[in-house]
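Chains as they are written, first to last, in this note's numbering: chain A, 917 to 1086; chain B, 917 to 1086. Where is the CB? At the ideal position from N, CA and C, for every residue including glycine.
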DNA sequence: AATTCTTGCCGCATTTAATGCGGATCACAG
DNA sequence: CTGTGATCCGCATTAAATGCGGCAAGAATT
């Protein structure tokens, strides 16, 4: 029983957490992989690959989704086709007086921001943005300035892209 | 006739190209948006939002996919659930003797590489990788070194993530 | 101004896929 | 050895996607 072990001993509790994730076996991994390649494959089709019935596959997908391992079904879109031609990376040294929480809220709400990570090194945050034109980059920086988030910043433009893909299980 | 215009005049030809992309109207944009949020929505459901019949919606999705504006149907997966806990950015100054094409091939084939862009500034490429552990970062750098791709490099680890999402039309 | 032609849409019929559920099997704990 | 839980299968049901004929609006042609 998980709960008993938990009450007994924190180490065993940790094992149970690990076990919770380990509930995902090779088959789940394979299913997630197949869905990442093409989320429209039928359950029967997937079942043919992993040697399970459609219902069993369905149940596994349900579990993967419920546990958050699969976060959502979506489409990959071409930024250029949607008029977002410019890709840039902005390094930010935060002006902490303006409030780190406010900064995070702003970033999280900004549709142009694709990535924002707290990073090691001389900068506090690394931000990846997609905008329609170069002036979109300027607008973005201007917004950061207006809100007093910037102590210092540096911007790199992406000239071309070798590869750009969301995380996929493999 | 497009072809006649093309033969007449290069400017008109350009207009035709623009027209090709402009074939995507606000409804297509909205549909792509809805699919990005949840690719499993039914055609009827989407049709309800954009005020079209399921068949019309289906036809539009088919066109969006065929034109490449929608690149594929996929799932967003949680890297941590799949054991890829470490996110890092590697800046590379390329040793051009080793061959830029070989570098690109290597990068494109490497499953750990999520992003790789040619960028402005002091570095040639910015690479985003996901690996299971810190030693995975070392392994990656080691591989670049072995192949003589590195003139110089610098690595930033992501300590935490404010937001991380693939491009979505909006 | 009249007439093709094209394009996009609707709505229904058909086909395909997903879902829900009862019963069988297996692993494991008591 | 027996009970318990989890997972699976297979079928019946429900829901969704697909395919196609016909219609209507707008553009191009004459």
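If you check the CB distance, residue 1077/A and residue 1004/A do not come in under 7 Å.
Residue pairing of residue 1068/B in beta bridges, as defined by DSSP: 1009/B. Cβ proximity to chain B below 8 Å picks out 983, 984, 985, 986, 987, 988, 989, 990, 991, 992, 993, 994, 995, 997, 998, 1000, 1003 from the segment 983 to 1004 of chain A.
Against chain A, the CB of residue 1027/B has a partner CB under 7 Å away; the residue lies at that interface. Within the same chain, Cβ atoms closer than 8 Å to the Cβ of residue 943/B are found at 966, 968, 976, the five residues on either side in sequence being excluded. When 9 Å is used as the limit between beta carbons, residue 970/A is near no residue of chain B, the shortest such separation being about 16 Å.
In the DSSP annotation of this structure, the continuous segment of the beta strand (DSSP E) that includes residue 1031/B starts and ends at 1029 to 1035. Taking a Cβ-Cβ threshold of 8 Å, none of the residues of chain A is close to residue 958/B; the smallest such distance is about 12 Å. The continuous beta strand (DSSP E) containing residue 987/A extends over residues 986 to 993. For residue 1024/A, the nearest CB of chain B lies under 7 Å from its own CB, placing it at the interface with that chain. In the three-state DSSP reduction, residue 1047/A falls in the strand class (E or B).
Nearest to residue 989/A by C-alpha distance, out of 958/B, 1014/B, 1007/B, 963/B, is 958/B.
Within the segment 1061 to 1079 of chain B, the residues whose Cβ lies closer than 7 Å to any Cβ of chain A are, in chain order, 1072, 1073, 1074, 1075, 1076, 1077, 1078, 1079.
For residue 1019/B, the uninterrupted alpha helix (DSSP H) segment begins and ends at 1016 to 1025. Counting C-beta pairs closer than 8 Å gives three or more between the segment 1039 to 1048 of chain B and the segment 1006 to 1014 of chain B, which meets the contact rule. Between residue 1002/A and residue 1047/A, the C-beta gap is smaller than 7 Å, which places the two residues in contact.
Cβ atoms of residue 1063/A and residue 1014/A come within 8 Å of each other, at about 6 Å. Residue 1001/B: not part of any alpha helix (DSSP H); DSSP gives it neither H nor E. The beta-bridge partner set that DSSP reports for residue 1060/B is empty.
The C-beta distance from residue 1031/B to residue 1080/A rounds to 5 Å, short enough to meet the 8 Å contact threshold. With respect to chain A, the C-beta atom of residue 961/B has no partner C-beta closer than 7 Å.
Rounded to the nearest whole angstrom, the CA to CA distance from residue 1065/A to residue 1059/A is 9 Å.
Less than 7 Å divides the Cβ of residue 1085/B from the Cβ of residue 948/B. With the criterion set as a beta carbon lying under 7 Å from some beta carbon of chain A, the members of the segment 1028 to 1045 of chain B are 1029, 1030, 1031, 1032, 1033, 1034, 1035, 1036, 1037, 1042, in sequence order.
Within the DSSP secondary-structure output, residue 1080/A pairs in a beta bridge with 1031/B.
Here residue 1074/A carries a strand assignment [DSSP, helix/strand/coil]. For the 7 Å CB-CB criterion, residue 951/B and residue 991/A form a contact.
Each residue's CA atom was taken as its position, placing residue 1026/B and residue 1051/B some 16 Å apart. A Cβ-Cβ contact shorter than 7 Å links residue 985/A with residue 994/B. Around residue 954/B, the beta-carbon contacts reaching into chain A at under 8 Å are 988, 989, 990. Within its own chain, the residues whose Cβ lies closer than 6 Å to the Cβ of residue 973/A, once the five positions on either side in sequence are excluded, are 959, 962, 963, listed in chain order. In the DSSP assignment, residue 982/B falls within the alpha helix (DSSP H) that extends over 970 to 983. For residue 1086/B, the residues of chain A that pass the 7 Å Cβ criterion are 1027, in the order they occur in the chain.
Among the CB atoms of chain A, one or more fall inside 7 Å of the CB of residue 1083/B.
At least one CB of chain B lies nearer than 7 Å to the CB of residue 948/A.
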